[in-house]
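Peer 1: Attaching a single structure in structure tokens format; questions to follow.
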């Protein structure tokens with residue numbers, strides 16, 4: 443599945459280089475990848491790469507930025523809707539899981555290579571991660587305030603729900619038995635249970 | 443915290459090499475690490491390394507094996523106790539989380555470098571992963587049978603609980619505000635909620 447998260451990157455050559463870098467980093471890791479490998483995968487010369495990205499770290503930073511901005515958008519849209527807190531939580535989890543499954547290769551690079559970012563880029567990305575976490579936490583707090591959720595540790599439960607969604611990118615296999623949509627649906631139910639919302643019945647039915 | 447998971451590896455030089463390999467793989471990734479780096483970190487010569495491990499992959503395989511056998515033991519002990527299903531699930535999650543937090547560096551290598559294993563080693567490690575999953579799934583099925591749990595999708599919920607525990611190794615920081623024990627306690631409660639066991643009260647109290 444082509445990763446449409448990079449659709450906004452232009453010119454075309456810069457986008458192709460980012461996609462090539464995602465593949466290379468995912469296969470070999472950041473430190474074992476050279477800019478020559480990346481240029482080669484994109485069908486370009488190393489000199490052509492340097493027009494767009496001065497360093498290998500710059501490529502990783504752009505990938506991390508696109509990935510994290512996508513997460514912020516996904517969570518902000520879900521959290522900002524006019525639905526009730528349970529509806530907003532379910533919808534945030536559904537779309538967050540869907541992205542991490544459908545784009546597991548990008549997501550792995552985004553999640554596992556953070557330590558290779560330069561200090562300023564690292565700080566910037568941490569800020570985006572913080573926004574994701576705060577956005578989801580607000581949904582939990584709204585649900586507690588409205589009496590829909592029963593949560594003893596809002597911060598820890600927020601971290602756990604984020605973690606559950608992110609880790610889909612580690613174990614998801616496209617050839618596996620579950621489609622990204624199915625995982626999203628199951629995880630939305632599990633997240634509602636984690637915040638003590640409603641009671642699932644033995645048949646697995648739940649009011650939504 | 444020294445990783446006691448490797449305490450059973452002997453002789454001492456072989457154990458030191460595994461610990462050095464864990465550090466190197468965690469910092470730079472498997473593909474960017476050389477056996478020379480590993481020998482150097484252990485204060486040994488490359489020739490001394492080859493006495494114990496023929497290839498870099500052999501080091502990764504031993505690390506993966508120790509880590510996965512540790513997971514099998516942890517889960518089997520918890521699952522095999524005479525406690526009720528909720529008690530067994532809580533205890534499995536507590537110890538699984540504790541290991542993934544306290545030994546997050548080993549755990550990251552074990553979880554993220556699987557693709558670098560040779561085909562035979564990969565198959566063997568997958569077998570151990572399968573045993574972990576089956577052991578936890580049995581606890582869920584026991585809890586459903588005893589009426590303690592309400593789970594519509596046992597396989598998917600098992601994967602989710604395993605995933606939640608494993609991913610602690612990604613985000614855990616020793617300097618963070620939570621000790622491994624605290625995360626284990628919270629996650630045991632969240633896992634019980636995920637299987638529809640009991641109802642947490644607004645104050646977060648729960649019968650155990």
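Protein chains in written order, with my numbering: chain A, 443 to 650; chain B, 443 to 650. Just so you know, even glycine gets a beta-carbon here, dropped at the ideal spot from N, CA and C. Everything numeric in this text was worked out from a predicted model, so none of it was measured.
Checking 8 Å against the spacing of the C-beta atoms, do residue 638 of chain A and residue 592 of chain A come in under that value?
Peer 2: The answer is yes: Cβ separation under 8 Å.
Peer 1: Going by CA-CA distance only, name the one from A:537, A:509, A:545 that's closest to residue 616 of chain A.
Peer 2: Minimum Cα distance to residue 616 of chain A is reached at A:545.
Peer 1: Indicate the three-state DSSP secondary structure (helix, strand or coil) for residue 490 of chain B in the structure shown.
Peer 2: Looking at residue 490 of chain B - three-state DSSP - the assignment turns out to be helix.
Peer 1: For residue 532 of chain B, tell me which candidate among B:604, B:456, B:611 has the shortest Cα-Cα distance.
Peer 2: Of the candidates B:604, B:456, B:611, the one whose C-alpha sits nearest the C-alpha of residue 532 of chain B is B:604.
Peer 1: I'd like the list of long-range same chain contacts for residue 460 of chain A, defined as Cβ closer than 8 Å, with 5 residues on each side in sequence excluded.
Peer 2: Taken in chain order, the residues that qualify are 448, 451, 501, 504, 505, 508.
Peer 1: For residue 567 of chain A, count neighbouring C-beta atoms within 10 Å of its own C-beta (all shown protein chains included) and say buried if the count is 16 or more, exposed if not.
Peer 2: Looking at its Cβ environment, which holds 16 or more other Cβ atoms inside 10 Å, residue 567 of chain A is buried.
Peer 1: Cα-Cα, which of B:620, B:548, B:463 is closest to residue 511 of chain B?
Peer 2: Of the candidates B:620, B:548, B:463, the one whose C-alpha sits nearest the C-alpha of residue 511 of chain B is B:548.
Peer 1: Under a CB-based cut-off of 8 Å, is residue 602 of chain B close to chain A?
Peer 2: Chain A, which has a Cβ nearer than 8 Å to the Cβ of residue 602 of chain B, makes this yes.
Peer 1: Does the structure place the segment 565–585 of chain A close enough to the segment 481–490 of chain A that three or more beta carbon pairs sit under 8 Å?
Peer 2: As far as the Cβ criterion goes, the segment 481–490 of chain A does not touch the segment 565–585 of chain A, which means the pair count is below three.
Peer 1: What residues from the segment 552–568 of chain A come within 7 Å of chain B, judged by C-beta to C-beta, listed N to C?
Peer 2: Those would be 553, 554, in chain order.
Peer 1: Going along chain B, which residues have a C-beta under 9 Å from residue 635 of chain A?
Peer 2: Within chain B, the residues near residue 635 of chain A are 632, 635, 636, 637, 638.
Peer 1: In its own chain, which residues sit with a C-beta less than 8 Å from the C-beta of residue 602 of chain A, not counting the 5 before and 5 after it?
Peer 2: So the qualifying residues of the chain are 636.
Peer 1: What are the residues of the segment 450–471 of chain B that lie near chain A, defined by any Cβ-Cβ distance shorter than 7 Å?
Peer 2: Answer set for the segment 450–471 of chain B: 470, 471.
Peer 1: One question on the structure: do residue 456 of chain A and residue 480 of chain A come within less than 8 Å of each other, judged by their Cβ atoms?
Peer 2: Cβ atoms of residue 456 of chain A and residue 480 of chain A: not closer than 8 Å.
Peer 1: Could you list the residues in the segment 474–506 of chain B with a C-beta less than 8 Å from some C-beta on chain A, going in chain order?
Peer 2: Within the segment 474–506 of chain B, the qualifying residues are 474.
Peer 1: Leaving out five residues before and five after residue 475 of chain A in sequence, what residues of the same chain have Cβ atoms less than 6 Å from its Cβ?
Peer 2: Cβ neighbours of residue 475 of chain A beyond the five flanking positions: 466, 467.
Peer 1: Taking C-beta pairs closer than 9 Å, name the residues in chain A that residue 598 of chain B reaches, listed in chain order.
Peer 2: Within 9 Å Cβ-Cβ: 620, 624, 625, 628, 629, 632.
Peer 1: Pick out whichever of A:493, A:470, A:551, A:577 has its Cα sitting closest to the Cα of residue 522 of chain A.
Peer 2: Among A:493, A:470, A:551, A:577, the Cα nearest to that of residue 522 of chain A is on A:577.
Peer 1: When you compare only the Cα positions, how much space is there between residue 562 of chain B and residue 612 of chain B?
Peer 2: Rounded to the nearest angstrom, the two C-alpha atoms are 27 Å apart.
Peer 1: Residue 555 of chain A by DSSP, collapsed to three states: which one?
Peer 2: Coil.
Peer 1: Would you decide whether residue 453 of chain A is buried or exposed? Buried here means 16 or more other CB atoms lie within 10 Å of its CB.
Peer 2: Exposed, by the Cβ-count rule.
Peer 1: Take the Cβ of residue 623 of chain B as the centre, count every other Cβ of all protein chains shown within 10 Å, and call the residue buried at 16 or more, exposed below.
Peer 2: The residue is exposed, with fewer than 16 neighbouring Cβ atoms inside 10 Å.
Peer 1: Could you tell me how far apart the beta carbons of residue 526 of chain B and residue 590 of chain B are, in whole angstroms, since I believe they sit closer than 8 Å?
Peer 2: Indeed, because the Cβ distance is near 7 Å, the residues count as touching under 8 Å.
Peer 1: Is residue 605 of chain A helix, strand or coil when you go by DSSP?
Peer 2: Here residue 605 of chain A sits in helix by DSSP.
Peer 1: Can you pull the chain A residues whose beta carbon is under 9 Å from the beta carbon of residue 535 of chain B, in chain order?
Peer 2: Here the premise fails: no neighbours, minimum Cβ distance about 11 Å.
Peer 1: Taking 8 Å as the threshold (beta carbon to beta carbon), is residue 606 of chain B in contact with chain D?
Peer 2: Chain labels in this structure do not include chain D; the protein chains are A and B.
Peer 1: Would you verify that the beta carbon of residue 613 of chain B is, or is not, closer than 8 Å to some beta carbon of chain A?
Peer 2: At least one chain A Cβ lies under 8 Å of residue 613 of chain B.
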